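One structure below.
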Amino acid sequence: MRELALHVRVMSPPRPVLEARGAYERGIAVVAASVARGTQWIAERIADAEPFVRGHALRVADSLQVPDTVYESALGDACEAVCRDLLRGIVVGRRTALADRLADGLRRDWGDAEAARLLPGCAPETVARLLPGLFHAVTGWKTLANRHPRTVLDAAEQALATLPEALRAPWWSRYAPAVAATVTAEPLRARALLERLGPETMPPRLRKHLGDFAVAAPGRLLRLLLTPAWHAVRRHRGLGPGVLRTLARKQLTAYE
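In structure tokens, the structure reads:
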């Protein structure tokens, strides 16, 4: 590959010859195209049937400024695997306007699961509009919450507020990862949601974020640890040394 990078700019274009051969040669061709900044050739391969060719084309498409219209056209007749790779490319490339434009049609044509994959790439307004109806279909909570933590918490709060208390525990069993993914960015709001609409016992997925809660509001965490819902955390030694040191340090500082 190093030799290819050194010589591809001065060689006569090798891609037509390589393209006519097998998967290995086609893989070399897509790398050669990216080195030579062959935008048009790369644009024509972002939905290629060969996974390596498609994947490499998608990785360099943003740096080569492949236009949104190419993605839009490629999605028109893509199979499921290609569709998912294209959606991932749209999200990773932060093609927000394209994601917003595609979201409703994608949901109509491909279903909730595929539309949910596109949400991290959408603008906050689009996520706020669609997430309540797609909450059940989201699987990549970390990516979505990294970009839209407040919107995720808004949707979670809205869903919990409409449920009778008896049904909140099943909701938390299924969706605790959604709230857990927001804690780093929004520890106070996540803790407040747990306090106000949380289950009877602390969800295991949230216990590893006790350090975030301790840093953000140590006094509040201490009070919560005395409630029945958080009793299991104390009983099973869920407070690690780091959390205990943070709580002790903050409380000692308060008395200075």
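Here UniProt numbering is used: position 90 in the sequence shown is 90, and no number is missing along the way.
Backbone N, C-alpha and C define an ideal beta-carbon position, used for all residues, glycine too.
All of these numbers come straight from a predicted model, not from anything done at the bench.
CA nearest to the CA of glutamate 114, picked from Leu134, Leu197, Ala123 and Pro218: One-based indexing of the sequence shown puts residue 114 at position 114. Ranking the options by Cα distance to glutamate 114, first place goes to Leu134.
Within the region 151-197, ranges of the alpha helix (DSSP H) (whole runs, at least 4 residues): 168-180 and 187-197
Other residues of its chain near alanine 169: CB distance less than 6 Å, five sequence neighbours each side excluded: Here the question's residue 169 lines up with position 169 in the sequence shown. Excluding residues within five positions, the ones whose Cβ falls inside 6 Å are Pro199.
Anticipated Cβ contact below 8 Å, leucine 64 with threonine 96, distance rounded: Within the sequence shown, numbered from 1, the residue matching residue 64 stands at position 64. Within the sequence shown, numbered from 1, the residue matching residue 96 stands at position 96. Not quite, the Cβ-Cβ distance comes to about 19 Å (not below 8 Å), so this is no contact.
CB-CB length for threonine 126 against aspartate 154, believed under 8 Å: Within the sequence shown, numbered from 1, the residue matching residue 126 stands at position 126. Within the sequence shown, numbered from 1, the residue matching residue 154 stands at position 154. The pair is not a contact, with the Cβ atoms about 14 Å apart (cut-off 8 Å).
Neighbourhood of threonine 151 by C-beta distance below 8 Å, restricted to the same chain and skipping five residues each side: Start at 1 with the first residue of the sequence shown, and residue 151 comes out as number 151. Contacts found: Pro124, Val127, Ala128 and Leu131.
Glutamate 44 - DSSP class collapsed to helix/strand/coil: For this step, residue 44 is matched to residue 44 along the sequence shown. Note: glutamate 44 maps to coil in three-state DSSP.
Rounded separation between valine 179 and arginine 207 - CA only: On the sequence shown, position 179 is the one that residue 179 refers to. On the sequence shown, position 207 is the one that residue 207 refers to. So the two alpha carbons sit approximately 12 Å from each other.
Beta-carbon gap between residue 258 and glycine 89 smaller than 7 Å: The chain is shown only over 1 to 256; residue 258 falls outside these bounds and no answer can be derived.
CB of alanine 103 within 7 Å of CB of leucine 118, strictly: Taking the first residue of the sequence shown as position 1, residue 103 is located at position 103. Taking the first residue of the sequence shown as position 1, residue 118 is located at position 118. Their beta carbons are under 7 Å apart, which means alanine 103 touches leucine 118 by this criterion.
Anticipated Cβ contact below 8 Å, alanine 159 with tryptophan 171, distance rounded: Position 159 of the sequence shown, counting from 1, holds the residue named residue 159. Position 171 of the sequence shown, counting from 1, holds the residue named residue 171. Indeed they touch by this definition, with Cβ atoms about 7 Å apart.
Per-residue burial, leucine 188 [other beta carbons within 10 Å of its own, 16 or more giving buried]: The count along the sequence shown starts at 1 and reaches residue 188 at position 188. By the 10 Å Cβ count, leucine 188 comes out exposed.
Pick from Arg37, Asn146, Ala32 and Pro67 that is closest to threonine 184, judged by C-alpha positions: Within the sequence shown, the letter at position 184 stands for residue 184. Out of Arg37, Asn146, Ala32 and Pro67, Asn146 has the C-alpha closest to the C-alpha of threonine 184.
Nearest to leucine 247 (by Cα), restricted to the options Ala137, Ala216 and Pro228: Looking up residue 247 in the sequence shown gives position 247. When each option's Cα is compared against that of leucine 247, the closest is Ala216.
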